[in-house]
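Participant: First the structure, which I've put down as structure tokens, then a few questions once you've had a look.
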Amino acid sequence: GGGGGTEEGQISPIFLQFLDCAYQVLRQYPDRFEFNERYLLLLSEHVYSCRFGTLLCDTEREREHVAGIRQRTHCLWEYLDSRPELVNRSFSADKEEKHEKGGGSD
Numbered sequence: 001g002g003g004g005g006t007e008e009g010q011i012s013p014i015f016l017q018f019l020d021c022a023y024q025v026l027r028q029y030p031d032r033f034e035f036n037e038r039y040l041l042l043l044s045e046h047v048y049s050c051r052f053g054t055l056l057c058d059t060e061r062e063r064e065h066v067a068g069i070r071q072r073t074h075c076l077w078e079y080l081d082s083r084p085e086l087v088n089r090s091f092s093a094d095k096e097e098k099h100e101k102g103g104g105s106d
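The opening residue of the sequence shown carries number 1 in the UniProt record's numbering; numbering runs sequentially from there.
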């Protein structure tokens, strides 16, 4: 997340780097993800937007101790899941199931 009790010199963009990694894998295997690149883009925008409490603070414990954070903010995951335009239309659940059963070797 990006807030809480973190001192200015200790901020690290690890989550953004993770999102970049997810984007690179999404580009390589576009039919393996239930979400599209717009989903990742919105997620990256809201890392620092403070509009949602989901990514505030560094840990779940910190979020619990910040007074009323859950009551005063919305859940980012619920927001993203409610937007059908973020679903990857090329996702193939059949291909994923075949791979999990050992039938695929991509």
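Backbone N, C-alpha and C define an ideal beta-carbon position, used for all residues, glycine too.
(1) Beta carbon of Ile69, beta carbon of Arg63: below 7 Å?
(2) Does the contact criterion of 3 or more C-beta pairs under 8 Å hold for the segment 23-39 versus the segment 81-95?
(3) For Leu76, which residues from the same chain have a beta carbon less than 6 Å from its beta carbon, with the 5 sequence-adjacent residues on both sides left out?
(4) With DSSP collapsed to three states, give me the class of Phe18.
(5) What is the DSSP secondary structure of Val25, reduced to helix, strand or coil?
(6) Write down the C-beta distance between Leu80 and Leu42 rounded to the nearest angstrom, noting that I regard them as a contact closer than 8 Å.
(7) Can you tell me whether Tyr39 is buried or exposed? The criterion is at least 16 other CB atoms within 10 Å of its CB, across all chains shown.
Facilitator: On the basis of the supplied data:
(1) Sequence index remark: in the sequence shown, residue 69 carries index 69 (1-based). Sequence index remark: in the sequence shown, residue 63 carries index 63 (1-based). Cβ distance < 7 Å, so Ile69 and Arg63 count as in contact.
(2) yes
(3) The residue you call residue 76 lines up with position 76 of the sequence shown. Here the set comprises His46, Phe52, Thr54.
(4) Taking the sequence shown and counting its residues from 1, the one referred to as residue 18 is at position 18. Residue state, collapsed to three classes: helix.
(5) Along the sequence shown, one-based indexing puts residue 25 at 25. Val25: helix per DSSP, three-state reduction.
(6) In the sequence shown, the residue the question calls residue 80 occupies position 80. In the sequence shown, the residue the question calls residue 42 occupies position 42. Yes, they are in contact, since the Cβ atoms of Leu80 and Leu42 sit about 6 Å apart, within 8 Å.
(7) Within the sequence shown, the letter at position 39 stands for residue 39. Looking at its Cβ environment, which holds 16 or more other Cβ atoms inside 10 Å, Tyr39 is buried.
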